[in-house]
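Colleague:
Number of protein chains: 2
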Amino acid sequence: MGEFELIAQCFSQAGRSRTDVVIGVGDDGAVVQVRDGFDLVVTTDTMVEGVHFFPDVDPRALGHKLVAVNVSDLAAMGAEPAWLSLAITLPKVEDAWLQAFAEGLSETADYYNCQLIGGDTTRGPLTLTVIAKGFVPRGKAITRAGAKVGDYIYVTGTLGDAALGLKLVQNQVEVSKKHRAHILQRFHYPTARVALGQALRTIASSAMDISDGLCGDLPHILNRSKVGAIVDVSKIPMSQALKDSCDWQSALQCALSGGEDYELVFTVPENKRGSLEVLLSPYGVPISCIGRITGLAGKLELKQGDQPFTYQHSGYQHF
Amino acid sequence: MGEFELIAQCFSQAGRSRTDVVIGVGDDGAVVQVRDGFDLVVTTDTMVEGVHFFPDVDPRALGHKLVAVNVSDLAAMGAEPAWLSLAITLPKVEDAWLQAFAEGLSETADYYNCQLIGGDTTRGPLTLTVIAKGFVPRGKAITRAGAKVGDYIYVTGTLGDAALGLKLVQNQVEVSKKHRAHILQRFHYPTARVALGQALRTIASSAMDISDGLCGDLPHILNRSKVGAIVDVSKIPMSQALKDSCDWQSALQCALSGGEDYELVFTVPENKRGSLEVLLSPYGVPISCIGRITGLAGKLELKQGDQPFTYQHSGYQHF
Chain A
1 MGEFELIAQC FSQAGRSRTD VVIGVGDDGA VVQVRDGFDL VVTTDTMVEG VHFFPDVDPR
61 ALGHKLVAVN VSDLAAMGAE PAWLSLAITL PKVEDAWLQA FAEGLSETAD YYNCQLIGGD
121 TTRGPLTLTV IAKGFVPRGK AITRAGAKVG DYIYVTGTLG DAALGLKLVQ NQVEVSKKHR
181 AHILQRFHYP TARVALGQAL RTIASSAMDI SDGLCGDLPH ILNRSKVGAI VDVSKIPMSQ
241 ALKDSCDWQS ALQCALSGGE DYELVFTVPE NKRGSLEVLL SPYGVPISCI GRITGLAGKL
301 ELKQGDQPFT YQHSGYQHF
Chain B
1 MGEFELIAQC FSQAGRSRTD VVIGVGDDGA VVQVRDGFDL VVTTDTMVEG VHFFPDVDPR
61 ALGHKLVAVN VSDLAAMGAE PAWLSLAITL PKVEDAWLQA FAEGLSETAD YYNCQLIGGD
121 TTRGPLTLTV IAKGFVPRGK AITRAGAKVG DYIYVTGTLG DAALGLKLVQ NQVEVSKKHR
181 AHILQRFHYP TARVALGQAL RTIASSAMDI SDGLCGDLPH ILNRSKVGAI VDVSKIPMSQ
241 ALKDSCDWQS ALQCALSGGE DYELVFTVPE NKRGSLEVLL SPYGVPISCI GRITGLAGKL
301 ELKQGDQPFT YQHSGYQHF
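First to last, the protein sequences are chains A and B.
Residue numbers for the first sequence follow full-length UniProt numbering, so the first one is 1 and each next one is one higher.
Residue numbers for the second sequence follow full-length UniProt numbering, so the first one is 1 and each next one is one higher.
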């Protein structure tokens, strides 16, 4: 089967059918309409077999995660997801695998109101790249660069579940039957905080998504914003499943250094704090205030209640 | 070195610095301004070591080609190139290699007036994906779907040089000293027909770029347009270098089935033919009329002058 037929067959109808797609899969490029008065937001994420996922991963879950991870970046910028491109490098064509992968990708694209508009299929070691595109009203993207001294630091949902999920699929921990489904769901099927991200446009001074653990990612906001942060580890939100499955130290390590939660961390100025809970309550996603921005540029301080807290971060590094 | 530092160091300033880039490398995503009244065009191309390039390829040439190949897709749609994203998967970081690759990529991006706005760096087998974005006045993209019966078929430049170049670097042919530089240039440093592609917006009924040989690519126009074509192989433009380096049959095979020329093939209605040469003359790219569109949907007929011509196409297939 040729590469064109392969793409055409599995991916030509993937995701939501959008009216702003002039030309989708099947031409030299895709043509889409960006609304007048909006900026375009573009994100790129690659997943490599043996690095980002195991060879025996459920291809449907893989298709889901690839989309969710990219859309999460759009969410972190307050953008409305719209279009996806897929670059897929495959050692060989296995129909059943490809079909399941395409279904997972398509279902998740549809969930986020995205259409797959094109891409490239090549032969080689299994490597998957998604490029997600969305838009924000002109000038309204939330960046990593806007945090100011005194801003409050928030995270969505709970942290550390995905890291526990990784340990679970590697048989490094035991998780009670009661919690297994939740933990595996969090690892295999992360949720991008898309609606909440858009709501943050008028509230947050900075935001990003947490893919490499809070201690791996928050420093990016600090560096780009030229500020510091003090975070109270006793305020880090953790699920009952995580707390029940390991001791507090291990749970905290999952939350601070474990990857792939795809929750948002964001900062809010004092004068916007009042409207925060009201504005965000419709989205049904709990938020937790975990600290404040300081003037010590680039420095992330941890405390536990009133006490200094020492922690050795070992985040995920590709090299 | 972390992935973020790696990207930041080598690619943060790659290409032209454009005023429509609000946020480039370094955030969750890039933010760019699409001009009001324009459509966005998005293309994706992946190059895999051992499949699309040899391990010992000059990394500067590789950087060039990766950009040119993508920009060529934009050219085929009549789009003005603007922004690039790069997903790079690397087995390890070799500073000198990465530096040369980044320079080739940056120089070529600059040449086409493109800025690198973001991407992803991951560990794994060497795989390079570029996503190029550009724009066209709304509704003016040239597609593969617009060819009509009676339209004339044109190609730009000469065909087959890159295929000869591939044979040359594989030591399968000898090329005289006089022609070597030209042939290697055509293989390693293809030129995307960007200005000409934009000029075709008002003339061409369909267009695409030739990456898999004329006999591999023209059928895509035929299938999308639901038409056929008759092509006179004696009209296929070939360089003196190609004609001097092998017999006519071999040269023709390079032109019809060899990949990576990145010339354009396009169709022009009878009533636009008069203005064609005048409109395209400023671009200094020769064009050749090689045939006409017929009503036999999907059928590509070859002739040589007045005689039928039998040819077995063996195009490049990734699978």
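Here a beta-carbon is modelled for each residue, glycine too, at the ideal position from N, C-alpha and C.
With C-beta atoms as the reference, is B:Ala109 less than 8 Å away from B:Leu84?
Modeller: Yes, the pair counts as a contact, with Cβ atoms nearer than the cut-off.
Colleague: Under the rule that 16 or more other beta-carbon atoms within 10 Å means buried, what is B:Ala14, buried or exposed?
Modeller: By the 10 Å Cβ count, B:Ala14 comes out buried.
Colleague: Using a Cβ cut-off of 8 Å (strictly closer), state whether B:Pro282 contacts chain A.
Modeller: Cβ-Cβ to chain A under 8 Å: no for B:Pro282.
Colleague: Please list, in chain order, the residues of the segment 47 to 63 of chain A that have any C-beta partner in chain B closer than 9 Å.
Modeller: Going along the segment 47 to 63 of chain A in chain order, one finds Met47, Val48, Glu49, Gly50, Val51, His52 with a Cβ nearer than 9 Å to chain B.
Colleague: Quick check: A:Gly291 and A:Ile221, are their CB atoms within less than 8 Å of each other?
Modeller: no
Colleague: With the cut-off set at 8 Å, would you say A:Val194 and A:Ala82 are in Cβ contact?
Modeller: no
Colleague: Consult DSSP for B:Glu107 and reduce its assignment to one of helix, strand or coil.
Modeller: helix
Colleague: What does the alpha-carbon distance come out to for the pair B:Gly118 and B:Leu86?
Modeller: 6 Å
Colleague: Which chain B residues are close to A:Ala109, counting only those with a beta carbon under 8 Å from its beta carbon?
Modeller: By Cβ distance, chain B contributes nothing, its closest Cβ being about 15 Å from A:Ala109, past 8 Å.
Colleague: Could you give the C-beta distance for B:Phe101 and B:Arg60, rounded to a whole number, given that I count them as a contact under 8 Å?
Modeller: 7 Å
Colleague: Can you tell me which residues form a DSSP beta bridge with B:Glu260?
Modeller: Answer is none; B:Glu260 lacks a bridge partner.
Colleague: Secondary structure at B:Asp56, three-state DSSP: helix, strand or coil?
Modeller: In the structure shown, the three-state DSSP call for B:Asp56 is coil.
Colleague: Identify which residue in B:Lys65, B:Gln9, B:Met77, B:His179 has its Cα closest to the Cα of B:Asp95.
Modeller: B:Gln9
Colleague: If distances are taken between C-alpha atoms only, which option among B:Arg123, B:Leu296, B:Phe266, B:Val130 comes closest to B:Thr143?
Modeller: The option with the nearest alpha carbon to B:Thr143 is B:Phe266.
Colleague: Write down the C-beta distance between B:Ala141 and B:Gly78 rounded to the nearest angstrom, noting that I regard them as a contact closer than 8 Å.
Modeller: 6 Å
Colleague: Entirely within the segment 206 to 230 of chain B and at least 3 residues each: give me those beta strand (DSSP E) ranges in chain order.
Modeller: The segment 206 to 230 of chain B contains these whole beta strand (DSSP E) runs: 206 to 210.
Colleague: Measuring only the C-alpha atoms, how far is A:Ile153 from B:Val93?
Modeller: Cα to Cα, the separation comes out at about 35 Å.
Colleague: For the UniProt domain "PurM-like N-terminal" (26 to 135) of chain B, which segments carrying the alpha helix (DSSP H) assignment without a break, of at least 4 residues, lie completely within its bounds, in sequence order?
Modeller: Within the UniProt domain "PurM-like N-terminal" (26 to 135) of chain B, the complete alpha helix (DSSP H) runs of at least 4 residues are 59 to 76, 95 to 111.
Colleague: Using a C-beta to C-beta distance shorter than 9 Å, which residues of chain B count as neighbours of A:Ala14?
Modeller: Simply none; closest approach about 14 Å.
Colleague: With a CB to CB cut of under 8 Å and the five nearest residues on each side skipped, what residues in its chain are close to A:Glu301?
Modeller: Gly228, Ala229, Ile230, Val231, Thr294, Pro308
Colleague: For A:Val175 and A:Ser245, what's the separation of their Cα atoms in angstroms?
Modeller: 6 Å
Colleague: Taking the beta carbon of B:Pro91 as the centre, do at least 16 other beta carbons fall within 10 Å, making it buried, or is it exposed?
Modeller: exposed
Colleague: Indicate whether B:Val25 and B:Val32 have their beta-carbon atoms separated by less than 8 Å.
Modeller: no
Colleague: How many Å lie between B:Ala297 and B:Glu270 at the Cα?
Modeller: 19 Å
Colleague: Would you check if the segment 246 to 259 of chain A and the segment 272 to 283 of chain A touch, i.e. whether three or more CB-CB distances between them fall below 8 Å?
Modeller: Output reads no: the segment 246 to 259 of chain A does not touch the segment 272 to 283 of chain A.
Colleague: Would you call B:Ala204 buried or exposed, if buried means 16 or more other Cβ atoms sit within 10 Å of its Cβ?
Modeller: The residue is buried, with at least 16 neighbouring Cβ atoms inside 10 Å.
Colleague: Measure from the C-beta of A:Phe319 to each C-beta in chain B and report whether the shortest distance is under 8 Å.
Modeller: Because A:Phe319 sits at a pLDDT of 47, beneath the cut-off of 50, its placement in the model cannot be relied upon, and the following sentence gives the value as read from the coordinates. Yes - at least one Cβ of chain B is within 8 Å of the one on A:Phe319.
Colleague: Which residues in chain A sit within 8 Å of B:Gln33, going by Cβ to Cβ distance?
Modeller: Asp39, Leu40, Arg138
Colleague: Name the chain A residues whose beta carbon is nearer than 8 Å to that of B:Val22?
Modeller: Below the 8 Å Cβ cutoff, chain A contributes Asp39, Gly139, Ala141 as neighbours of B:Val22, in chain order.
Colleague: Find the residues of chain B that neighbour A:Thr19, judging by a C-beta separation of less than 8 Å, and give them in chain order.
Modeller: What A:Thr19 touches in chain B: nothing, since even the nearest Cβ is about 13 Å away.
Colleague: Can you find a CB in chain B that lies within less than 8 Å of the CB of A:Leu159?
Modeller: no
Colleague: Find the residues of chain A that neighbour B:Ser85, judging by a C-beta separation of less than 9 Å, and give them in chain order.
Modeller: Val42, Thr43, Thr44, Ile131
Colleague: Going by C-alpha to C-alpha distance, which of B:Asp306, B:Glu263, B:Ser17, B:Lys299 sits closest to B:Thr158?
Modeller: B:Glu263
Colleague: How many whole angstroms separate the CB atoms of B:Arg123 and A:Val48, which I take to be in contact at a CB cut-off of 8 Å?
Modeller: 7 Å
Colleague: Specify, as a first and last residue, the run of the alpha helix (DSSP H) that B:Ser234 falls within.
Modeller: Where B:Ser234 is concerned, there is no enclosing alpha helix (DSSP H), given that its DSSP letter is neither H nor E.
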